[in-house]
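What follows is one structure encoded as structure tokens, with my remarks underneath.
Residue numbers (UniProt numbering): 1 to 288.
Structural data, given as structure tokens:
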């Protein structure tokens, strides 16, 4: 066996070892969380280290408790899921609506300071969220949006637009200019080129950016606590999960059920758009 063949075999084995290790440390916490969520609190106390659940121990009462409304003695997560969904969808839609023209202008148009715009966008993240929390709270309280889901979505949009423009700009610059020039020669306006040519080619980047923004809006806690604490009917699922973790009378199995419910929508969304995240739609687009 030559040295090259030996190295290939060694690195081939090491590659699978690393993949297995990373998969284990990623999957096992989620597996244990799901395991605890389908156990009763009595079974958990009897065998806290048990890594499987038998059919006799399996229960979905924890999920029923979490999803039932508070009037029925539950935790009201179904309403919180709806609130989080509304906020996340509005945030994604308005963020992309504002970011796409901005990113296209930064990537294609020439103007003074254009090279430094991306750095300025990222510089906004040098300021911690806690520094902006109090001024935003005062402003939104005065205009009557404190405690509303729309107001919370606007706060998220202000946070996500700069990084979304940066992400989309980096993709737009990779789209061949010759494709747009060919469309311009055929009589397309700049707006039509953006709508008919650039956006279809940029679908993977739009999906990746939208997913990133969705996860921010879905999981964010600080501003949700600040703006919605006084309105329990408008609480998002992250606030509900925090309430469960701080509740003395709430068992850990119910808390784990809430954590699973918080995680599943993002996981399902990721797998639903996985093809667009990995597929290169610009392949073959340049006809020159």
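Yeah, the Cβ is synthetic: ideal placement off N, Cα and C, and Gly gets one too.
Is residue i near residue j, with beta carbons less than 8 Å apart?
i: residue 70; j: residue 37; result: no
i: residue 210; j: residue 92; result: yes
i: residue 214; j: residue 269; result: yes
i: residue 236; j: residue 83; result: yes
i: residue 129; j: residue 171; result: no
i: residue 103; j: residue 152; result: no
i: residue 144; j: residue 234; result: no
i: residue 43; j: residue 244; result: no
i: residue 242; j: residue 33; result: no
i: residue 207; j: residue 149; result: no
Using a Cβ-Cβ cutoff of less than 6 Å, which residues in the same chain neighbour residue i once the five nearest sequence positions on both sides are dropped?
i: residue 124; result: 162
i: residue 40; result: 59
i: residue 240; result: 77 and 80
i: residue 94; result: 157
i: residue 98; result: 161
i: residue 90; result: 153
i: residue 265; result: none
So what does DSSP say about residue i, is it helix, strand or coil?
i: residue 284; result: In this prediction, residue 284 scores a pLDDT of 41, lower than 50, which makes its location untrustworthy; the coordinate-derived value is nonetheless stated afterwards. If DSSP states are grouped into helix, strand and coil, residue 284 belongs with coil.
i: residue 241; result: helix
i: residue 291; result: Outside the shown range of the chain (1 to 288) lies residue 291, about which nothing can therefore be said.
i: residue 273; result: coil
i: residue 250; result: coil
i: residue 16; result: helix
i: residue 236; result: coil
i: residue 259; result: helix
i: residue 2; result: coil
i: residue 7; result: helix
i: residue 268; result: helix
Could you pull out every residue in the same chain whose Cβ sits closer than 8 Å to the Cβ of residue i, ignoring the five residues on either side in sequence?
i: residue 287; result: Because the pLDDT of residue 287 is 45, which lies under 50, any placement of that residue in the model is unreliable, and the number read from its coordinates should be weighed accordingly. Counting only Cβ-Cβ distances below 8 Å, and skipping sequence neighbours, we find 178, 179 and 182.
i: residue 261; result: 63, 66, 67, 77, 81 and 237
i: residue 198; result: 104, 172, 175 and 180
i: residue 52; result: 35
i: residue 216; result: 91, 156, 159 and 160
i: residue 191; result: none
Taking 7 Å as the limit between beta carbons, can you name the residues of its chain near residue i, skipping five residues before and five after?
i: residue 105; result: none
i: residue 219; result: 238
i: residue 136; result: 155
i: residue 229; result: none
i: residue 194; result: 104
i: residue 226; result: 133 and 137
In or out: residue i buried (at least 16 other Cβ within 10 Å) or exposed?
i: residue 122; result: exposed
i: residue 157; result: buried
i: residue 56; result: exposed
i: residue 8; result: exposed
i: residue 26; result: exposed
i: residue 141; result: exposed
i: residue 223; result: buried
i: residue 166; result: buried
i: residue 88; result: buried
i: residue 10; result: exposed
i: residue 159; result: buried
i: residue 13; result: exposed
i: residue 46; result: exposed
i: residue 272; result: exposed
i: residue 189; result: exposed
i: residue 254; result: buried
i: residue 54; result: exposed
i: residue 251; result: buried
i: residue 164; result: buried
i: residue 109; result: exposed
i: residue 257; result: buried
Return the chain-ordered ranges of every alpha helix (DSSP H) run that is complete within the segment 170-230 and spans a minimum of 4 residues. 177-185, 190-193, 203-219 and 222-228
Could you tell me which whole alpha helix (DSSP H) segments of length 4 or greater appear in the segment 52-137? 61-67, 77-108 and 117-123
Any chance you could list the alpha helix (DSSP H) runs of at least 4 consecutive residues sitting entirely within the segment 22-49, in chain order? 41-46
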